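Single-structure report; data block below.
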């Protein structure tokens, strides 16, 4: 087991990474003093596969457990789902000392974290991420949210979990497409922060698809550490440091929105967004074509999309202008000067944005 | 103008108290760097009376202003109201730098604060409390919430405002019943923390009803300071210090809930709750009958209720057991050993609770 301490003053907590950690969950949370009764938000698939292991672990440590199932699609991040969970929690909570476990991917983490943040003005929660994407990205950093019809993540809170348990053996049951989605964010970390990681991915992606322990373990640890260190320095995305994590996300989110959150999953949309951001960086003279091609090759090698399908560019542009990352009429992009050299640029010309999207056609 | 600094690390902010401060709002918020566009949540009455003064002040300081009206009843603290405001905010927000102003009493403060806490994971907000109750209590401390059918304040956040502007001249337009509701909390501060304040109220309540500046100013400042100092020591009600502010609230909330939040307003219900808590304190031997009678006399003198009307005791008991202040099956009451000597007691016998309520019949 490897431990990463995330230092955030009174909100500090541990992120634990290891094979089979799920079996130790009960023991691991004992010292946290977070309550007695676990309310576990998960999806039917995960429950079928892993509920027994988690239950045994919780019961052996003296906790009770109740499950609430939600579908693992972006549609579950709705007002209705959040308040339906809150009503169930309220019913369960009578005379109890409830804490919440977000047991799933990014959707479940966001939704369960949001519920934990607003239920009775905040109850403790854990993240037990089950996808690569959640383990290396969404479960770390305390961003919780639900979506509105008008856009993703428009309602939420910064609310830190009390512990993150990343059991890498859970990743073995991931569908190939989900694994790729996680690799998209891993590539992002390489591009914005870690040339060695970028090179590791270029060389080792086939072993990751074979779920080789050493490679998977290294990948989760290395990426988690990058995210943790950025969060520590800019927890609430106020200093612009956390902003670099949005590399590929400005147009990535717009592509997701324009496809009504179907068609592309988050990782796929971010892959396209990163390619567009790399293209804009090239077009504005910050990187050369060779680097752009190298990024494109890695994205392609791991089987992520490099071409836009069935979405009109005007629709993406329109979604882009609705993005909450617009601050005071200026658009904002994370661009690069090279691998590991991100920076924030404002007021990128619409013409160049369009060209970047055309390039994906 | 008097200023109270509320020290809460990165959430520290000022509470300003003075006659006519509303006219200085724009100037006062300039140094806060909170955005450019004010989204003001208020009720029609306040808007009619004070919008011009606030608008002039904001515009002179370079801010834009948009109003959103809500009815000033507990029913406005609903999921529907919160999300309807969020949708309007989203529509207004295009290309803007929005901050929120909670301009009203406790309901508007709780609702607007909750919206500010979850909209885009938190935007800055100000409290401009317009009632005595809000100025000395609800606007201070960052407790925000909405109600569910199952109970009050079940969904919310601890989310601090960037500034609190308590303009005491706004209190002159208060209905007598609203002023009394504020006095109920002022009496509470006297009982739990400040014998001099308790004696001040016994002597000066007629001058407060005449809105005499000196007395009103003293009252708001003294009470605000008590609340501010408690908040500083126990922001999130975790150390039990903030808990003493719940004196009278355990049964007060149950009385409110049992009357379906009509019949009694918050201050009236808390007056009854304080009387019941004082009775329990007497019954358990912590205070003598003379002190109980003195508290009862002050409550009666200011015109607050000392008798329960049209609510059945079993209904109050039932509501009491649903209260979120129940932690792990134990009930909790704030009792007193004397004026200024509160303490938390657990597992109060149902029999004594019933007797305390019977005494109010």
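Residue numbers (the numbering used here), protein chains in the order written: chain Z, 1 to 361; chain U, 362 to 722.
Positions of the beta carbon are idealized from the N, C-alpha and C atoms, including for glycine.
Every value quoted in this text rests on a predicted model; they were computed, and no experiment measured them.
Three-way DSSP call (helix, strand, coil) for residue 47 of chain Z in this model:
In the displayed model, residue 47 of chain Z falls within a helix according to three-state DSSP.
DSSP three-state label for residue 468 of chain U, please.
helix
Closest to residue 200 of chain Z by CA distance: which of Z:18, Z:40, Z:253, Z:186 is it?
Z:186
Tell me whether residue 42 of chain Z sits in a helix, a strand or coil according to DSSP, three-state version.
strand
Taking its Cβ as the centre, do 16 or more other Cβ atoms sit within 10 Å of residue 281 of chain Z, making it buried, or is it exposed?
buried
Beta carbon proximity, residue 303 of chain Z to chain A, threshold 7 Å:
The displayed structure is made up of protein chains Z and U, and chain A is not among them.
Please list, in chain order, the residues of the region 74 to 91 of chain Z that have any C-beta partner in chain U closer than 8 Å.
Those would be 79, 83, 86, 87, 90, in chain order.
Residues in the same chain with beta-carbon distance under 6 Å from residue 427 of chain U, minus the five sequence neighbours each way, listed in chain order, please.
400, 453
Mind checking residue 373 of chain U: buried by the 16 CB within 10 Å criterion, or exposed?
Burial call: exposed.
Mind checking the region 148 to 172 of chain Z against chain U and listing, in chain order, the residues whose C-beta falls within less than 9 Å of any C-beta there?
Taking 9 Å as the Cβ-Cβ cut-off against chain U, the residues of the region 148 to 172 of chain Z that qualify are 148, 149, 150, 151, 153, 154, 155, 156, 157, 158, 159.
If we ignore side chains and look at the alpha-carbon of each, how far apart do residue 714 of chain U and residue 650 of chain U end up?
The straight-line gap separating the alpha-carbon atoms of residue 714 of chain U and residue 650 of chain U is approximately 17 Å.
Under the DSSP definition of a beta bridge, which residues are partnered with residue 506 of chain U?
U:517
Apart from the five residues just before and just after residue 418 of chain U, which ones in its own chain have a Cβ nearer than 8 Å to its Cβ?
383, 384, 385, 386, 387, 388
What residues in the region 470 to 483 of chain U bring their beta carbon closer than 7 Å to a beta carbon of chain Z?
478, 479, 480, 481, 482, 483
Output the distance between the C-alpha atoms of residue 505 of chain U and residue 205 of chain Z, rounded to the nearest integer angstrom.
Going by C-alpha positions, residue 505 of chain U is about 48 Å away from residue 205 of chain Z.
Partner residues on chain U for residue 143 of chain Z, Cβ-Cβ distance less than 8 Å:
482
Residue 549 of chain U and residue 609 of chain U look like a contact to me (Cβ under 8 Å); what is the Cβ gap, rounded to whole Å?
Rounded, the Cβ-Cβ distance is 6 Å, consistent with contact.
Beta-carbon within less than 7 Å of residue 602 of chain U's beta-carbon, same chain only, minus the 5 sequence neighbours each way: which residues are those?
591, 594, 595
Does the Cβ-Cβ distance between residue 148 of chain Z and residue 182 of chain Z come in under 7 Å?
No Cβ-Cβ contact shorter than 7 Å links residue 148 of chain Z with residue 182 of chain Z.
Should residue 465 of chain U and residue 491 of chain U be called a contact, given that it needs their Cβ atoms to be closer than 7 Å?
When the beta-carbon positions are compared, residue 465 of chain U and residue 491 of chain U come within less than 7 Å of each other.
Fully enclosed by the region 290 to 359 of chain Z, which beta strand (DSSP E) runs are 3 residues long or longer?
332 to 336, 342 to 346
Top-ranked residue by Cα proximity to residue 377 of chain U, from U:434, U:672, U:489, U:416:
U:489
Quick one: what's got a C-beta closer than 7 Å to residue 368 of chain U's C-beta in the same chain, skipping five residues either side?
593
Does DSSP put residue 241 of chain Z in a helix, a strand or coil?
coil
Nonlocal neighbours in the same chain, by C-beta distance under 6 Å from residue 707 of chain U, ignoring five residues either side
691, 693
Would you list the residues sitting across from residue 461 of chain U in a DSSP beta bridge?
U:400, U:486
Locate the beta strand (DSSP E) running through residue 167 of chain Z, then write down its first and last residues.
163 to 167
Euclidean distance between Cα positions of residue 114 of chain Z and residue 146 of chain Z
7 Å
May I ask you to report which of helix, strand or coil DSSP gives residue 30 of chain Z?
helix
Going by beta carbon distance, what residues of the same chain come within less than 6 Å of residue 292 of chain Z, once the five residues before and after it are set aside?
278, 282
Length at least 3, wholly inside the region 181 to 233 of chain Z: the beta strand (DSSP E) runs in chain order:
none
Does the beta-carbon distance from residue 295 of chain Z to residue 195 of chain Z come in below 7 Å?
Not closer than 7 Å, so no.
The beta strand (DSSP E) enclosing residue 428 of chain U, as first and last residue numbers:
425 to 430
Please list the terminal residues of the continuous beta strand (DSSP E) segment that includes residue 616 of chain U.
From DSSP, residue 616 of chain U is part of no beta strand (DSSP E) but of the alpha helix (DSSP H) over 610 to 619.
Backbone CA spacing between residue 788 of chain U and residue 370 of chain U [nearest angstrom]
Examination of residue 788 of chain U is not possible in this model, given that chain U is present from 362 through 722 alone.
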